[in-house]
Amino acid sequence: MTNAPPRLGNTRLVAVDGPSGAGKSTFARKLAEELDATRMLTDHFATWDDPAIGWWPQVEAIFEEVAAGRTAYYRKTDWSQGFPRPNQGALVEVRPERTIIFEGMSSARKAIRSKLSLAIFVEHGDEKARLERAVARDGEKYREHFIRWQQYERGWFAVDETKARADYVVTSS
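Under the numbering used here, residues 146 to 318 are what the sequence shown spells out, in order.
Written out as structure tokens, the structure is:
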């Protein structure tokens with residue numbers, strides 16, 4: 146992993162992608178600890194109504210700053226009231242460090258491939274089990290949202306060919 150060349154200026158950008166409830170966050174947290182890396186999450190930008198598209202230019206702007214050796218800032222989506230409020234959460238600082246772990250659904254999308262040092266796809270084959278894991282984590286009130294989210298993910302991953310392009314595929318249990 147540390148042999149992968151930096152492609153975001155002097156920073157290695159590692160995407161940890163995969164469907165909801167597959168174990169991406171657990172994997173990314175452990176990887177970030179091992180590498181002393183910063184984690185940046187797609188959940189900081191996504192909403193139930195905008196899983197992957199409208200917020201992407203903001204992420205590209207952050208990565209342009211990091212590639213230029215400058216610190217970038219953004220406000221993450223605030224979920225504290227039970228619904229998403231984009232750009233209303235805490236201010237996050239992203240410094241041009243040795244490694245940034247970009248974690249979440251659509252983090253390894255085709256549009257970012259040239260900036261990635263590595264793309265890792267985390268999977269868990271049982272969609273019903275993944276749904277139950279996500280609901281257990283975030284609450285029963287989000288079940289219908291997660292069902293729609295899983296439908297979106299299936300389409301996204303098929304069109305984007307995310308798993309096929311990954312450098313590594315990790316299967317969680």
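In this text, a Cβ means the ideal position worked out from N, Cα and C, and glycines have one as well.
| Asked | Found |
| --- | --- |
| Three-way DSSP call (helix, strand, coil) for residue 261 in this model | coil |
| For residue 305 and residue 255, believed in contact at Cβ under 8 Å, the rounded distance | 6 Å |
| Residue 235, DSSP secondary structure in three states | coil |
| Beta strand (DSSP E) segment containing residue 208, residue limits | Here residue 208 belongs to no beta strand (DSSP E); instead the alpha helix (DSSP H) covers 201-212. |
| Where the beta strand (DSSP E) containing residue 246 begins and where it ends | 244-248 |
| The alpha helix (DSSP H) enclosing residue 195, as first and last residue numbers | Note, residue 195: premise wrong, no alpha helix (DSSP H); not H, not E. |
| Residue 246 beta carbon less than 8 Å from that of residue 239 | no |
| Exposure label - residue 274; buried when at least 16 CB within 10 Å | exposed |
| Residues near residue 203 in its chain [Cβ-Cβ closer than 7 Å; skip 5 each side] | 190 and 219 |
| Touch test, the segment 229-238 against the segment 191-210, Cβ-Cβ under 8 Å, three pairs minimum | yes |
| Touching by the beta-carbon criterion (3+ pairs, under 8 Å), the segment 204-217 and the segment 299-315 | no |
| Beta strand (DSSP E) runs contained entirely in the segment 154-192, provided each spans 3 or more residues | 157-162 and 183-186 |
| Nearest neighbour of residue 151, chosen from 264, 271, 243 and 257 [CA to CA] | 243 |
| Reduced DSSP category for residue 306 - H, G, I as helix; E, B as strand; rest coil | coil |
| Contact check, residue 181 vs residue 307, beta carbons under 8 Å | no |
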